[in-house]
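Remarks on the structure that follows.
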Amino acid sequence: PKQTAAGLGLNGMMSDNCTVNPTFCNFNLVMGWSCDGASFAGNREDPVAYKPANYTMYFRGRRILDAMLDTLISDFGLGDAREVLFGGDSAGGLGAYQHANYVQNRLKKCSWSYWSPMKFKVAPGSGFFLFHGNVQEINVWPDQMHNIYYLSNWTSSDNACLDAYTPQSKWLCLFPQNLYNYIEPPIFVMNSAIDLYQTANTLAAEPIIGFPGEESSQISYWSGYNSSAAPGWKTCSGGYAQIKLCSKSNIDHMNAYMDNIEEVLVKASTFRKRGNGAFIYGCYNHNAELSSLNYGVYKVKGVSMQVALSSWWNSRLEDASKHSYLESGRYSYPAAVTDANPTCNNWFDGISS
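The sequence shown begins at 844 in our numbering and counts up by one.
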């Protein structure tokens, strides 16, 4: 039977409700699961035995990506599509940055037409993970990504970023800030400048003793791993975050992080490339583009995320400045949910997620 977005619980930019999502509500929707923790890039033949938790891990997301593309092209007519919006959220958003060129090239090889070329664009959500230390300037998140690169045999094709780095430094292409300038199709970046997940797992993360491979079995999903483990961050970041409980030091770090992510974007040549765009909002959230409420309510420069994405999609190689929305607001102390942006949502942002 045909599945629907509503039946799968998909909302926001993936909704099939034309009131919520008028531009994309009638698109055929494909949702893929990478299952390997490596954003469809794991390509390791042998499984990994994780001793602390006594389970086996498989890193074969790249094979899953290829199998999905093969099946969609051969059995479902994806190669004949005239319009394709490629995206993902969180780890899937990171995957969209990683595989944008590859997926575009795969599809265009089987659908080439001089008179009716495929319209292929990329819109990653909540996946612009910074190379950034924690509040103590320890590279906790970068070290974890360095480990997953080698552990998973991270594999990326049609990726000129890899050619720009030495063999020892190619792992840096995991980070969108390094990869961004090498993305070929038109791209629209959607991200919070103070993403709830990045705050907990980059800014407020602590090194795990024994990492990698010798961690205590007490370190688990149920313990929250090392998320929000930095002193003074437990009530300010993570799943039970309340921004009103953030200290002045917390807020100063968060505002600096907002400055950093926007500086990284603006300095990139891709940010100014014709046909591209961005919607960087200041709400303390993660995956807001998948919330029908936030997708329609969040505004930057008076334009909602939904309208900004639709306007960019319907444009043809216009100046990027016409489709770029950067948050100018920052948080005060003591902080309120709407400090950085008055359209942030008191029900979802900086309260609980």
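Even for Gly, the Cβ is constructed at its ideal location relative to N, Cα and C.
Note that the structure is predicted; figures quoted are calculated from it, not measured.
Which residue wins for smallest C-alpha separation from Ala-1131, given the options Met-856, Trp-984, Pro-1019?
Met-856
Where does Ser-1158 sit, in a helix, a strand or coil, going by DSSP?
coil
Quick one, are the C-beta atoms of Pro-985 and Phe-974 less than 8 Å apart?
yes
Whether His-1166 touches Ala-1183 by CB criterion (8 Å)
no
Run the CB neighbour count on Glu-1170, radius 10 Å, all protein chains shown included, and call it buried at 16 or more, exposed below.
buried
Bridge partner(s) assigned by DSSP for Gly-968
Asp-932, Met-1033
Quick test of the definition: if touching needs 3 or more C-beta pairs under 8 Å, does the segment 1123–1142 touch the segment 1170–1181?
yes
Through-space distance from Ala-848 to Leu-872, alpha-carbon basis
8 Å
Using the beta-carbon count (16 or more within 10 Å), is Asn-860 buried or exposed?
exposed
Leaving aside the five residues before and after Val-1146 along the sequence, list all residues of the same chain whose C-beta is less than 7 Å from its C-beta, in chain order.
Tyr-1168
Check whether the Cβ atoms of Asn-1044 and Asp-1001 sit closer than 8 Å, and answer yes or no.
no
Return the chain-ordered list of same chain residues with a C-beta closer than 8 Å to the C-beta of Ala-1047, the five sequence neighbours on each side being excluded.
Asn-977, Val-978, Ser-1070, Ser-1071, Ala-1072, Ala-1073, Trp-1076, Cys-1079, Ser-1080, Gly-1081
Use the C-beta contact count for Trp-1190: other C-beta atoms within 10 angstroms, 16 or more gives buried, fewer gives exposed.
exposed
Mark Gln-1011 as exposed unless 16 or more other C-beta atoms lie within 10 angstroms of its C-beta, in which case mark it buried.
exposed
What runs of the beta strand (DSSP E), each 3 residues or longer, lie entirely inside the segment 959–1013?
962–968
Just the C-alpha distance for Ser-858 and Tyr-1040, rounded to the nearest angstrom, thanks.
23 Å
Helix, strand or coil for Ile-1123, going by three-state DSSP, please let me know.
strand
When you compare the CB positions of Phe-972 and Phe-1018, do they come within less than 8 Å of one another, or not?
yes
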